[in-house]
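Participant: First the structure, then my questions, so here it is.
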Amino acid sequence: MITDALIHSTRRTVLIVEDEAVNRDLLGIILKGNYDVLYASDGLEALEILETYPGRVAMILLDILMPRMDGIEFLRRRGADEALSRIPVIVLTSDKDAELETLKMGALDFIAKPYDMPEIILARIQRIIEFVEDRQIIQEVERDELTGLYTRGFFFEYSRRLQAAQGGELRDVIAVDVDHFRLVNEVYGKGFGDELLCAVADGIWDELRGGFGIACRGDVDLFYVYLNQREDYEAVYSRLMDRVHALGRQTNVRLRMGVYRGVEADRPLDWYCVAAKAACDTIRGNYARSVVVYDSTMHERELYNERLIADMETAIAEKQFVVYYQPKYDIRGDVPKLYSAEALVRWIHPELGFISPGAFIPLFEENGLISKLDDFVWREAAAQIRDWQDRLGICLPVSVNISRMDFFDTDLKRKLLEIVAENGIPVDSLVLEVTESAYSQNMERMLKTVGELREAGFRIEMDDFGSGYSSLNMLCVMPIDALKIDMKFVRNVVNSGVGYRMVELVVEMARALDVPAVVEGVEDEAQYQMIKRVGCDIIQGYYFSRPVPPEDFEPMMKKDR
Ligand code: C2E
Ligand code: CA
Ligand code: CA
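In the numbering used here, the protein residues as written are 62 to 622.
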């Protein structure tokens, strides 16, 4: 750890705001030995400089009488801005009357013109800088109660100074995030959630032993570390995961880690933390990678993601989301027969254009917005079933996706029943696709809810089977009406003997459970023939059709009739 002496020895930047060149230069000469100096010739220019170098200026020396924007107006603007009002101001004056007014507006001290006593001026400036910085640190609660790491406020306050003092040292920032922490809390209980956070914090402490580094809990389940550069982040990650596993429960809790390599002094540390977090977020839902190093494209992606989140509510209200339909064909007979459709959402954004669900579904799953979107899609799909029934006389079942999050809504069954009732369609025409990983993460609740939904008449398809960790044992007790095999198995079915055997096995499982085996992602003739040979019942894939808007779907319905 770095000592206070080192912090106080860093060179600070002082901004001199003064319109008279002679006075400005004189002060500059006095300060130059101890401080970096920036100059502004009036309040407006000072504001511009402060905006250009956020977090850099440690002290402002302010003249009162200036053209364009005077000292009083500058103080007023400073007072209205949270970041600016933290920078101490010393007023340069020869006018006793102005002193009281500026004091009321937040100035801390005065230096009288002319500047004939350099030592006194320097001593005052230094005293005030130290006083203000110490006070800021003291004001921040230092430790996070739960984990014993620093709090976010203290971390940023303190590390800002360490950053200014880092000189030529190579330093990094890392962000560590718990995947789906909200769910972990809900599923395993808050007690376990707390244990988990403490285990991660302890692990981080251990990593910092013996070298330079400081760490905080930046948000509920998000940690930031500012440390000397190292090369072994993958190893750091596995040691953290070892601690998680050592908690002894059979969970698939996962951490994600984002790294910013090479922190410089030009940007505030907060920026580097946001960057490390952005890197960390790019592997949300990507189970193949756990550690990722920031590159500059990621910041743009993060901004893009923030935009999507911010625009979501409006998009629902303005019906920017549209539902596409992809057919599933029954291939048991000689001629493939239209069996049902899957509703898949798309976002036609007025400015960003067509956005596929892969870009926003994982985002909305992370922050809970998904439930609102799902609700919208279910209603659209139900209305579509009704519309086709009315106009074409065909009651085609349509499946919709149910997110994990939806199962935490105790009102789920009532809501779905209300949707089918409002549209006057049979309960079993709105089919529910539930991803396998939802089952394995929360078995008891899933058993109960899925059981109730089936009792109410809904049909349930297990989606993405083979992508998660569900046990065979679970499959036997879980009530389902179809098994939908994950797309990645199809990729290997043609070229690899093992791939072929895998699909065969899944089909056998479906047989044992007495439910149809659905295969999705079938793209070409070769795959189609293979899959048919294995004995699959239902196929969904580009081979038959991509997901399309309802009007393009209708010809497939009419043809089949
Ligand atoms: P999913 O539920 O596994 O949906 C199947 C995805 O595979 C769809 O991607 C579909 O377009 C794609 N697909 C179908 N056939 C083929 C094929 O032959 N080749 C290839 N390469 N892909 C094929 P899409 O529409 O981009 O959706 C991606 C995922 O987004 C879905 O995966 C689902 O998890 C989620 N999603 C889509 N719409 C919704 C929704 O309304 N609510 C929720 N919660 N999730 C949705
Ligand atoms: Ca699906
Ligand atoms: Ca799927």
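Glycine included, every Cβ here is placed at the ideal spot set by N, Cα and C.
Mind checking whether the beta-carbon of E581 lies closer than 7 Å to any heavy atom of ligand 3?
Facilitator: One-based indexing of the sequence shown puts residue 581 at position 520. Yes, since a heavy atom of ligand 3 falls inside the 7 Å radius drawn around the Cβ of E581.
Participant: Could you tell me if the beta carbon of K545 falls within a distance shorter than 7 Å of some heavy atom in ligand 3?
Facilitator: Against the sequence shown, residue 545 aligns to sequence position 484. Result yes, Cβ under 7 Å from ligand 3.
Participant: With H, G and I counted as helix, E and B as strand and the rest as coil, what does DSSP make of Q227?
Facilitator: Mapped onto the sequence shown, residue 227 falls at position 166. If DSSP states are grouped into helix, strand and coil, Q227 belongs with coil.
Participant: Quick check: what's the CA-CA separation for Y100 versus V354?
Facilitator: Here residue 100 is taken as the residue at index 39 of the sequence shown, counted from 1. Here residue 354 is taken as the residue at index 293 of the sequence shown, counted from 1. Between Y100 and V354, the C-alpha separation is close to 38 Å.
Participant: Counting pairs of beta carbons, one from the segment 252-260 and one from the segment 300-312, are three or more of them closer than 8 Å?
Facilitator: Flag = yes, the segment 252-260 and the segment 300-312 touch.
Participant: Should D542 be counted as a contact of ligand 2 given a C-beta to heavy atom distance under 7 Å?
Facilitator: Residue mapping note: residue 542 aligns to position 481 of the sequence shown, counting from 1. Checking the Cβ of D542 against ligand 2 gives no.
Participant: According to the neighbour-count rule (16 or more other Cβ atoms, all chains shown, within 10 Å of its Cβ), is A66 buried or exposed?
Facilitator: The sequence position of residue 66 within the sequence shown is 5, counting from 1. Caution is warranted here: a pLDDT of 36 is assigned to A66, below 50, making its placement in the model unreliable, and no coordinate value can be reported.
Participant: Restricting to runs no shorter than 4 residues, where is the alpha helix (DSSP H) found entirely within the segment 264-304?
Facilitator: Segments of the alpha helix (DSSP H) lying fully in the segment 264-304: there are none.
Participant: For M178, does the count of other Cβ atoms within 10 angstroms reach 16, so buried, or fall short, so exposed?
Facilitator: Numbered from 1 along the sequence shown, position 117 holds the residue referred to as residue 178. Exposed: under 16 other Cβ atoms inside 10 Å.
Participant: Among all the DSSP beta bridges, which residues are the ones paired with L493?
Facilitator: For this step, residue 493 is matched to residue 432 along the sequence shown. V461, I521.
Participant: Quick one: residues in its chain with C-beta nearer than 6 Å to the C-beta of L627, no 5 flanking neighbours on either side, listed in chain order?
Facilitator: No information on residue 627 is available, as it lies outside the stretch 62 to 622 that the chain covers here.
Participant: Taking the continuous beta strand (DSSP E) assigned at H410, which residues delimit it?
Facilitator: Counted from its first residue, the sequence shown places residue 410 at position 349. Start and end: 398-410.
Participant: When you compare only the Cα positions, how much space is there between D356 and E367?
Facilitator: Sequence index remark: in the sequence shown, residue 356 carries index 295 (1-based). Sequence index remark: in the sequence shown, residue 367 carries index 306 (1-based). If I take the Cα positions, the gap works out to 18 Å.
Participant: Return the chain-ordered ranges of every beta strand (DSSP E) run that is complete within the segment 161-210 and spans a minimum of 3 residues.
Facilitator: For the segment 161-210, whole beta strand (DSSP E) runs of length 3 or above, ordered along the chain, are 170-173.
Participant: For L544, which residues from the same chain have a beta carbon less than 8 Å from its beta carbon, with the 5 sequence-adjacent residues on both sides left out?
Facilitator: The residue labelled residue 544 in the question sits at position 483 within the sequence shown. Result list for L544: E522, M523, F526, V567, M570, A571, L574, V576, P577, A578, V579, in chain order.
Participant: L99 bridges to which residues according to DSSP?
Facilitator: Residue 99 sits at position 38 when you count from the first residue of the sequence shown. According to DSSP, which records beta bridges pairwise, L99 is partnered with L76.
Participant: So does the segment 391-411 actually touch the segment 606-621, counting three or more Cβ pairs closer than 8 Å?
Facilitator: Contact between the segment 391-411 and the segment 606-621 is present, because at least three Cβ pairs lie under 8 Å.
Participant: Would the beta-carbon of D525 be found less than 7 Å away from any heavy atom of ligand 3?
Facilitator: Locating residue 525 in the sequence shown gives position 464, where the first residue counts as 1. Checking the Cβ of D525 against ligand 3 gives yes.
Participant: Between which residues of its own chain and L169 is the CB-CB distance below 6 Å, once the five residues before and five after are set aside?
Facilitator: Counting from one through the sequence shown, the residue named residue 169 turns up at place 108. For L169, where only same-chain residues beyond five positions count, the Cβ hits under 6 Å are P149, I189.
Participant: Taking all protein chains shown into account, decide if S155 is buried (16 or more other Cβ within 10 angstroms of its Cβ) or exposed.
Facilitator: Stepping through the sequence shown from its first residue, residue 155 is reached at position 94. Per the 10 Å Cβ criterion, exposed.
Participant: Considering only DSSP beta bridges, list what P388 is partnered with.
Facilitator: Residue 388 sits at position 327 when you count from the first residue of the sequence shown. In the DSSP output, where bridge partners are listed per residue, P388 has A402.
Participant: Return the Cβ separation of I446 and C456 in integer angstroms, given the expectation that the two are a contact with Cβ distance under 8 Å.
Facilitator: Numbered from its first residue, the sequence shown carries residue 446 at position 385. Numbered from its first residue, the sequence shown carries residue 456 at position 395. That belief holds up - the Cβ atoms of I446 and C456 are roughly 7 Å apart, short of 8 Å.
Participant: Starting from the Cα of A173, find the closest Cα among R129, I125, R204 and give me that residue.
Facilitator: By one-based count along the sequence shown, residue 173 stands at place 112. Looking at the Cα atoms, I125 is the closest of the given residues.
Participant: Ignoring anything shorter than 4 residues, give me the alpha helix (DSSP H) runs that lie fully in the segment 310-352, in order along the chain.
Facilitator: You should have 330-342.
Participant: Output yes or no for whether 8 Å exceeds the beta carbon distance between Y386 and V459.
Facilitator: Within the sequence shown, the letter at position 325 stands for residue 386. Within the sequence shown, the letter at position 398 stands for residue 459. Cβ distance < 8 Å, so Y386 and V459 count as in contact.
Participant: Taking the beta strand (DSSP E) that E581 belongs to, which residues open and close that run?
Facilitator: Position 520 of the sequence shown, counted from the start, is the residue given in the question as residue 581. 578-581 is the span of the beta strand (DSSP E), which, as asked, contains E581.
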